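Peer 1: Numbered according to UniProt numbering, the sequence shown spans residues 1 to 599.
Glycine included, C-beta positions come from ideal geometry on N, C-alpha and C.
Only a predicted model underlies this, so the values are computations on that prediction, with no experimental measurement involved.
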Amino acid sequence: MYEAQPLCEDDAHTLFFRRIFLSSEDCPQVLRAVATEVLRKCGGLPLAIISISGLLANRCHRVEEWENISNSISSAVGTASQIQKMKRILFLSYFDLPHHLKSCLLYLSVFPEDYSIDCRRLIRTWVAEGLIPGQNTESMEQVGESYLNALINRSMVQPTKIRAGGAVKFCRVHDVIFDFIVSQAVEDNFVVIWNGKDFSGNFSNKMRRLSIQTDFSEAEEMAKELKNTSHLRSVHIFNDSDQLGDYIPQFFSSHALRVLNIQGKCLFGDRNVHIESFTPLKYLVITGRCSELPEQIGKLQHLETLDVKRSGINKLPASIVQLKKLVRLFVPAGVQLPEGIGNMQALEELSTIELGISSAKVIQELGDLTKLRFLIVFSYYTTEACDVEGHRKASVSTLSKLLMGLRTLYLAHDSVVATALMASCRSTPQMRSFVNLVRLRISVQGKVTKKGIEILASLPMLASLTVRLRYNGDNLHPRHSIRKQGFQSLLKFSFGGDQEAALEFEPGAMPKVQSLKVELQARCQFKYGQGGLVVGLQNLAALKHVNASINCFKAAEEEVQGSEDDIRGTSGTHPNHLTLVVKREHSDAYDSSDDQLNK
Numbered sequence: 001m002y003e004a005q006p007l008c009e010d011d012a013h014t015l016f017f018r019r020i021f022l023s024s025e026d027c028p029q030v031l032r033a034v035a036t037e038v039l040r041k042c043g044g045l046p047l048a049i050i051s052i053s054g055l056l057a058n059r060c061h062r063v064e065e066w067e068n069i070s071n072s073i074s075s076a077v078g079t080a081s082q083i084q085k086m087k088r089i090l091f092l093s094y095f096d097l098p099h100h101l102k103s104c105l106l107y108l109s110v111f112p113e114d115y116s117i118d119c120r121r122l123i124r125t126w127v128a129e130g131l132i133p134g135q136n137t138e139s140m141e142q143v144g145e146s147y148l149n150a151l152i153n154r155s156m157v158q159p160t161k162i163r164a165g166g167a168v169k170f171c172r173v174h175d176v177i178f179d180f181i182v183s184q185a186v187e188d189n190f191v192v193i194w195n196g197k198d199f200s201g202n203f204s205n206k207m208r209r210l211s212i213q214t215d216f217s218e219a220e221e222m223a224k225e226l227k228n229t230s231h232l233r234s235v236h237i238f239n240d241s242d243q244l245g246d247y248i249p250q251f252f253s254s255h256a257l258r259v260l261n262i263q264g265k266c267l268f269g270d271r272n273v274h275i276e277s278f279t280p281l282k283y284l285v286i287t288g289r290c291s292e293l294p295e296q297i298g299k300l301q302h303l304e305t306l307d308v309k310r311s312g313i314n315k316l317p318a319s320i321v322q323l324k325k326l327v328r329l330f331v332p333a334g335v336q337l338p339e340g341i342g343n344m345q346a347l348e349e350l351s352t353i354e355l356g357i358s359s360a361k362v363i364q365e366l367g368d369l370t371k372l373r374f375l376i377v378f379s380y381y382t383t384e385a386c387d388v389e390g391h392r393k394a395s396v397s398t399l400s401k402l403l404m405g406l407r408t409l410y411l412a413h414d415s416v417v418a419t420a421l422m423a424s425c426r427s428t429p430q431m432r433s434f435v436n437l438v439r440l441r442i443s444v445q446g447k448v449t450k451k452g453i454e455i456l457a458s459l460p461m462l463a464s465l466t467v468r469l470r471y472n473g474d475n476l477h478p479r480h481s482i483r484k485q486g487f488q489s490l491l492k493f494s495f496g497g498d499q500e501a502a503l504e505f506e507p508g509a510m511p512k513v514q515s516l517k518v519e520l521q522a523r524c525q526f527k528y529g530q531g532g533l534v535v536g537l538q539n540l541a542a543l544k545h546v547n548a549s550i551n552c553f554k555a556a557e558e559e560v561q562g563s564e565d566d567i568r569g570t571s572g573t574h575p576n577h578l579t580l581v582v583k584r585e586h587s588d589a590y591d592s593s594d595d596q597l598n599k
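Below is the structure:
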């Protein structure tokens, strides 16, 4: 087994004290001696230092407390290997956790090693299994997020991607910590893991969680051994196999099943699955090949989450509108929602709605879903038989009704609907409808007017904004100026599209924006005069990250290079020492004509 190289003494001290006190100078003098002793026992191991500092950071700064922890790891000193030292320190960190955090930490054992964990999905499985107290779904998710942050603060979990508002989007677990978690979870009969040949855990007892993480060449043997599944509360499948589906019905005879997480070929379809067996199910996610859901899915009267967005499902059963407790419905784009959707009054999150294939009745019913706070809408109109104008008017009317409650709204592909919605909200009374909106992603066709920018700038809670400009035949638009007024809560701004456009940030603009993502049309690099396509980047006082995509379509090499040089130059002189990512798109579509720059 690979053993990490220990840190030098100075680096070990810096890592340790920064984690607890921000710097070594902030450590109270009374704690310095015991801190030095704890560091010595860590042997310079980075993960050991991070783990023990995470433990100490959550303890009061009393000498007695620190000495108790130091004494507890004494047995790991001396001839003990790095791995033995780490296990001892992880053991202390784990048993220092309150009970609710222990359960949430052990739950991570259901995932494969090095798995990128979607934090929202993780928290929702915690809620579905009853690991989070409460009754209100939204407040329970907030509690779950605080639990996850507590595990991160204790260095048991590593965040890998952060959202605009600071929430963790994806996380993972360090290999050594993961091995410890799995070992502890198996020992406590918290989970049973199938590794392709045998089980990790005692599957003869009351099995509560099953994780299938490898191929199914021995699926028949697994089916023979799995006899006592009546107490299963959750099943997680991380593989795609035809053999598995043949045995699924006998795997899951549990009448206690709350969570079914399938990251592979789906068990449904043409197989005879008795959906009645899954009646207590609260959480169903399918990410993999799956053509259809069972017609009887409406019998899952306790289902709260149905996520098939990344599956191959192309149709929803009519009975889905009977799911009166469903809070989240995520389906792939192109799937038609059935009439009766207005009966699903518990819905808070809905994605993805295709307006172009939805009936007028369905569009009207959407306006009755007053609890919606997350909505993604696509709009493709491809048939002449469709009353496009009528659909668009109905869509704007419906969305206007929902705006008061929405916190996240994505309007994709049909910029006419987005433009019309913005136009309908220009009056002050209508603008109050946007008061709760936190995330907005829209496509706009034609010019973005000064008034349109003012509307967006006035949204008081808006933290993330994406604006896509759709080409409408005009070759050039005026530079869009972002002024000091407005955008007071914005943290993340994305701007781009296939339209020729440029940006200018005036002094004091977007005072809290930390992340900027821009798509630049290199073909118009020299059409806007000095400064190129982005002017005033230095005026974004809180900026930390810039991601620039250079679209090379119909552009000359000089234009592409000029666009790249400009964004690198302005980013390089920013006082915040920005992190910059620049990439070229459609670089195979250069316009190589000699006179391109003179057009």
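1. Figure out for me which residue from Gln345, Val335, Pro133 has the closest Cα to the Cα of Val321.
2. What are the complete beta strand (DSSP E) segments, minimum 3 residues, inside the region 435 to 493?
3. Would you kindly report the start and end of the unbroken beta strand (DSSP E) that includes Val191?
4. Helix, strand or coil: which one does DSSP assign to Ser515?
5. How long is the line joining the alpha carbons of Gly130 and Trp66, rounded to whole angstroms?
6. Beta-carbon within less than 7 Å of Lys325's beta-carbon, same chain only, minus the 5 sequence neighbours each way: which residues are those?
7. With DSSP collapsed to three states, give me the class of Cys60.
8. In three-state terms, what does DSSP make of Asp270?
9. Pairs of beta-carbons, one from the region 106 to 116 and one from the region 55 to 74, closer than 8 Å: are there three or more?
10. Just to confirm my understanding: we take Glu164, look at its own chain, exclude 5 residues before and 5 after, and list those with CB closer than 7 Å. What are they?
11. Short check: CB of Leu369 to CB of Ile341, under 9 Å?
12. Using a Cβ distance threshold of 8 Å, determine whether the region 128 to 142 contacts the region 38 to 57, with at least three qualifying pairs required.
13. Measure from the alpha carbon of Gly532 to the alpha carbon of each residue in Asp565, Leu329, Pro507, Asn547, then state which is nearest.
14. Please classify Glu9: is it buried, with 16 or more other beta-carbons within 10 angstroms of its beta-carbon, or exposed?
15. Going along the chain, which residues of its own chain have a beta-carbon closer than 7 Å to the beta-carbon of Cys119, five neighbours each way excluded?
16. Tyr410 by DSSP, collapsed to three states: which one?
17. Does the contact criterion of 3 or more C-beta pairs under 8 Å hold for the region 478 to 491 versus the region 171 to 182?
18. Would you mind giving the Cβ-Cβ distance between Ala394 and Ala360, rounded to the nearest angstrom? I have them listed as a contact below 8 Å.
19. Which first and last residues belong to the beta strand (DSSP E) in which Ile73 is found?
20. Let me make sure I understand the geometry here. Which of Arg233, Lys161, Gly334 has the alpha-carbon closest to that of Val192?
21. Ends of the alpha helix (DSSP H) at Phe17?
22. Using the Cα positions of Gly264 and Asn239, report the straight-line distance between them to the nearest angstrom.
23. Pull up the CB-CB distance for Glu559 and Gln525, whole angstroms please, since I reckon it's below 8 Å.
24. I believe Gly536 touches Phe487 by the beta-carbon criterion, under 8 Å. Please report the beta-carbon distance rounded to the nearest angstrom.
25. Helix, strand or coil for Leu540? Go by DSSP, reduced to three states.
26. Looking at C-alpha atoms only, which residue of Thr573, Pro159, Asn314, Glu348 is the closest neighbour of Ala333?
27. Throw me the rounded Cβ distance for the Thr398 and Arg439 pair, which I believe falls under 8 Å.
28. To the nearest angstrom, how far is the alpha carbon of His577 from that of Leu456?
29. Taking the CB atoms as reference points, tell me whether Val38 and Phe16 lie closer together than 9 Å.
30. Classify Tyr115 as helix, strand or coil using the three-state DSSP reduction.
31. Taking 6 Å as the limit between beta carbons, can you name the residues of its chain near Leu580, skipping five residues before and five after?
32. Would you please state the rounded distance, in angstroms, between the beta carbons of Phe330 and Val308? I believe it to be under 8 Å.
33. In whole angstroms, give me the CA-to-CA distance for residue 600 and Gly508.
34. Going by DSSP, which residues form a beta bridge with Asn261?
35. With a cut-off of 8 Å on the beta carbons, I'd call Ala48 and Lys85 a contact; round off their distance for me.
Peer 2: To lay it out plainly:
1. Gln345
2. 439 to 445, 464 to 470, 480 to 482
3. Counting along the chain, Val191 falls outside any beta strand (DSSP E), and DSSP gives it neither H nor E.
4. strand
5. 34 Å
6. Gln301, His302, Leu303, Glu304, Ala346
7. coil
8. At Asp270, the pLDDT of 48 sits below 50, so the modelled position is not reliable and the matter cannot be decided from this model.
9. no
10. Residue 164 is actually Ala in this sequence, not Glu. Answer for Ala164: Ala463, Ser464, Leu491, Lys492, Ser515, listed in chain order.
11. yes
12. no
13. Asp565
14. exposed
15. Leu148, Val168, Lys169, Phe170, Cys171
16. strand
17. no
18. 6 Å
19. Segment: none, Ile73 is in no beta strand (DSSP E) and carries neither H nor E.
20. Arg233
21. 9 to 21
22. 5 Å
23. 4 Å
24. Gly536 to Phe487, Cβ: 14 Å. No contact.
25. coil
26. Asn314
27. With 8 Å as the limit, Thr398 and Arg439 do not qualify as a contact, their Cβ atoms being about 19 Å apart.
28. 28 Å
29. yes
30. coil
31. Val546, Ser571
32. 7 Å
33. Lying before the first or after the last residue shown, residue 600 is absent from the chain, which here runs from 1 to 599.
34. His236, Val285
35. 6 Å
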